[in-house]
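Chain order of the listed sequences is Z and D.
Each residue of the first sequence is one higher than the one before, counting from 25 in my numbering.
Each residue of the second sequence is one higher than the one before, counting from 34 in my numbering.
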Amino acid sequence: MNPKYGVLLVTGGHTHQENYGAAFLADPRCRIVGLADEKTVDRRRRDLNDRLAKQFKVPHLEDLDAALAMQGVDIVCICAEPERRGRIALKCAQAGKHLYLDKSLVPALAEADALLAEVQRQKLRSHMFSFITQPWARQAKRVLDSKKLGKLLAIHAECFFSKGRTGTANLDRPRTEEFPPRRHQVIEAKREMDNCGVYPITLIRWLTGLRFRTLHCVTGNYFFQEHQKHNVEDFGLIQGTLDEGLPYTISTGRYGWQTHPGFGSNRLMLVGSEQTAVIDAHRPRLEMYTDETPWTPPNTHAQDPMGFWSSTMQEVHMRPKTVWPPAGSAPVSDQAYFLDRLDAGQDSEINVAEAVLSTEALVAAYQSAAQKRVVTLPLPRG
Amino acid sequence: MQLADLHRAVQAALVSKRLGTPVFVRYLYHRPDDKQPSATLAKTVAQVQGWIGQPLQRLVAVGTAEHRHISLSLEFQKGATALVAWTGAPGREGVDLMLVGNHGAVYHDAGTALLWDDGLADDKRDVDAHLVDLINRALKSNRPETAGGKP
Numbered sequence: 025m026n027p028k029y030g031v032l033l034v035t036g037g038h039t040h041q042e043n044y045g046a047a048f049l050a051d052p053r054c055r056i057v058g059l060a061d062e063k064t065v066d067r068r069r070r071d072l073n074d075r076l077a078k079q080f081k082v083p084h085l086e087d088l089d090a091a092l093a094m095q096g097v098d099i100v101c102i103c104a105e106p107e108r109r110g111r112i113a114l115k116c117a118q119a120g121k122h123l124y125l126d127k128s129l130v131p132a133l134a135e136a137d138a139l140l141a142e143v144q145r146q147k148l149r150s151h152m153f154s155f156i157t158q159p160w161a162r163q164a165k166r167v168l169d170s171k172k173l174g175k176l177l178a179i180h181a182e183c184f185f186s187k188g189r190t191g192t193a194n195l196d197r198p199r200t201e202e203f204p205p206r207r208h209q210v211i212e213a214k215r216e217m218d219n220c221g222v223y224p225i226t227l228i229r230w231l232t233g234l235r236f237r238t239l240h241c242v243t244g245n246y247f248f249q250e251h252q253k254h255n256v257e258d259f260g261l262i263q264g265t266l267d268e269g270l271p272y273t274i275s276t277g278r279y280g281w282q283t284h285p286g287f288g289s290n291r292l293m294l295v296g297s298e299q300t301a302v303i304d305a306h307r308p309r310l311e312m313y314t315d316e317t318p319w320t321p322p323n324t325h326a327q328d329p330m331g332f333w334s335s336t337m338q339e340v341h342m343r344p345k346t347v348w349p350p351a352g353s354a355p356v357s358d359q360a361y362f363l364d365r366l367d368a369g370q371d372s373e374i375n376v377a378e379a380v381l382s383t384e385a386l387v388a389a390y391q392s393a394a395q396k397r398v399v400t401l402p403l404p405r406g
Numbered sequence: 034m035q036l037a038d039l040h041r042a043v044q045a046a047l048v049s050k051r052l053g054t055p056v057f058v059r060y061l062y063h064r065p066d067d068k069q070p071s072a073t074l075a076k077t078v079a080q081v082q083g084w085i086g087q088p089l090q091r092l093v094a095v096g097t098a099e100h101r102h103i104s105l106s107l108e109f110q111k112g113a114t115a116l117v118a119w120t121g122a123p124g125r126e127g128v129d130l131m132l133v134g135n136h137g138a139v140y141h142d143a144g145t146a147l148l149w150d151d152g153l154a155d156d157k158r159d160v161d162a163h164l165v166d167l168i169n170r171a172l173k174s175n176r177p178e179t180a181g182g183k184p
């Protein structure tokens, strides 16, 4: 079978490209054209890009402009750091490429709007990574669509990542949020309300089809000195209303390797007029207890203390947690989902237009947390 | 199991220090026949405040009794937060709880079992009228209401 899609990867090691690129590489519909990035990246980034290109056995293309001008590039998979993501995605859209985008879309609303305008002008297909292909998210969608719950009265969505060595934040220094956020990601830490919170925000919009109308948010530094040192939050609590005044709540963040038996709490509560459904990524589950040595966290990797990346976790020999072994059907990979939609001539359910709504909610959340007030959406532009 | 048993168990977990300092509580409860949700919410807020051990600073409310759902986000003086929500839709009574400390978490949910011997009806504590007033103000104002640091 001749691969149908030429895929250009943008940005390499120590990003989610380690996972996304591997999935595109393994898909018989795809041929990886190369791994590219902006010419101006620093040496560390260039070395990490080179390392992943070598691992994938694909060309390392140091000039993104030249790479975009090559024949046979249909899709660009962009995993650049949040601060570079907007201009890179816009450039790729201007080159007429379909976009597979890491989450969250971009930090600034103006960047998101500009990208959407270009994607729509060029009639491109696009997709932002999300949880919508997870079986439990699909189950929630089926439950809502079946109307078994009656009229939806409220929704709660939760996403916590169980990674990082907790207990090091100074709790005597309550967080003071800044707006706009100056940075979203450093080597040691990410803004976790954005990084984890984008999932429940996207799910609520996807499940209900409703828009965020009011939003109140509080952020915190509860767990990690790394986040506190770089003035980025490790926790977020969001509450507000959707269209028609429907209440929603979101709790999210990164709370430590040993705070959960699995990868973290991922949970939806759908309150209906007839029934309430709690849908949990870990229910139903298999539990396994043995006389093996109990799971312990991996050693801290100096270049990735929070356990963001697959390669660094391999380097510190992280063992999988075993008490709740995987059960149930494996999800369709997010990359395969996007390719399936392309094959069918359909846009993704989480295209750039949808991702912009998540960006707007995240921007509103930081504004609310900084100004300690309820923010009304849509946010003013300009 | 009764509600007071659950609350005592959580308190015991906190006293054990295994969780570290409590920083966030998610306390969602389901009580279809609640005729005075603000009063029940006030009791729950008081319970959560007791676990957090900090004065309540701000409270934001969303929802209405008529729509059988009210959620409260709470901010405490030293930065801890909580989400307390009541749902009055039909179905079994129960509590969905997560208390997160800076060294661990405790979780409780009803799962698929019938855990509750007599539902949530055994909470005989007095209602704090100031908390009820604060909740009602927040429900009307749609903005953060200050608790005045009342412990």
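C-beta: ideal position from N, C-alpha, C; glycine also.
Could you say which of Z:Val347, Z:Gln209, Z:Val31, Z:Gln158 lies nearest to Pro355 of chain Z if we only look at CA atoms? Z:Gln158
Hey, out of Z:Leu266, Z:His251, Z:Leu231, Z:Lys253, whose CA is closest to Leu239 of chain Z's CA? Ranking the options by Cα distance to Leu239 of chain Z, first place goes to Z:Leu266.
Check whether the Cβ of Gly181 of chain D lies closer than 8 Å to any Cβ atom in chain Z. no
Going along the chain, which residues of the region 88-117 of chain D sit with their C-beta nearer than 7 Å to a C-beta in chain Z? Cβ contacts with chain Z come from Val93, Val95, Gly96, His100, Arg101, His102, Ser104, Ser106, Glu108, Lys111, Gly112, Thr114, Leu116.
With 8 Å set as the bound, which would you pick, yes or no: does the beta-carbon of Arg176 of chain D sit closer than that to a beta-carbon of chain Z? yes
Under a three-way DSSP split, which group does Asp304 of chain Z fall into? strand
Any C-beta of chain D sitting closer than 8 Å to the C-beta of Arg397 of chain Z? yes
Met293 of chain Z touches chain D at which residues, Cβ-Cβ below 9 Å? Those within 9 Å of Met293 of chain Z in chain D are Leu61, Ala118, Thr120, Asp129.
Against chain D: residues of the region 290-320 of chain Z by CB proximity under 9 Å: Arg291, Met293, Val295, Gly296, Ser297, Glu298, Gln299, Thr300, Val302, Asp304, Arg307, Pro308
DSSP three-state label for Ile85 of chain D, please. helix
If contacts are defined as beta-carbon pairs under 8 Å, then Ser128 of chain Z and Ser335 of chain Z qualify, I think. What distance do you get, rounded to the angstrom? Contact doesn't hold; Cβ gap of about 22 Å is too wide.
Do you know how far the Cα of Thr120 of chain D is from the Cα of Cys183 of chain Z? 21 Å
For Ala94 of chain D, count the other beta carbons within 10 Å of its own beta carbon; 16 or more makes it buried, fewer makes it exposed. Which is it? Flag for Ala94 of chain D reads buried.
Can you tell me whether DSSP reads Lys214 of chain Z as helix, strand or coil? strand
Contact check, Asn135 of chain D vs Thr54 of chain D, beta carbons under 8 Å: yes
N- and C-terminal bounds of the beta strand (DSSP E) containing Cys54 of chain Z: Run containing Cys54 of chain Z: 54-60, per the beta strand (DSSP E) assignment.
What does Gly124 of chain D touch in chain Z if you count any residue whose Cβ is under 7 Å from its own? Gln299, Thr300
Between which two residues does the beta strand (DSSP E) harbouring Ile19 of chain Z extend? Residue 19 of chain Z falls outside the range modelled here, since chain Z spans only 25 to 406, and no answer is possible.
Going by the beta-carbon positions, is the gap between His100 of chain D and Leu177 of chain Z smaller than 8 Å? yes
Interface residues of chain D facing Pro402 of chain Z [CB-CB closer than 8 Å]: Residues of chain D passing the Cβ test: none, with the nearest at roughly 17 Å.
Give the DSSP bridge partners of Phe109 of chain D, in chain order. D:Leu89
Please report whether the beta-carbon of His141 of chain D lies at a distance below 8 Å from any beta-carbon of chain Z. no
Can you grab the Cα-Cα spacing for the pair Arg189 of chain Z / Lys147 of chain Z, in whole Å? 45 Å
I want to know whether the region 97-114 of chain D touches the region 280-288 of chain Z - three or more CB-CB distances under 8 Å. no
Please list, in chain order, the chain Z residues whose beta carbon lies closer than 7 Å to that of Asn135 of chain D. Thr190, Gly191, Ala193, Leu195, Tyr246, Phe247
What did DSSP end up calling His163 of chain D once you bin it into helix, strand or coil? Helix at His163 of chain D.
Range covered by the beta strand (DSSP E) that runs through His122 of chain Z: 122-125
Classification of His341 of chain Z by the beta-carbon crowding that lies within 10 angstroms, buried from 16 upward: exposed
Using the beta-carbon count (16 or more within 10 Å), is Arg158 of chain D buried or exposed? exposed
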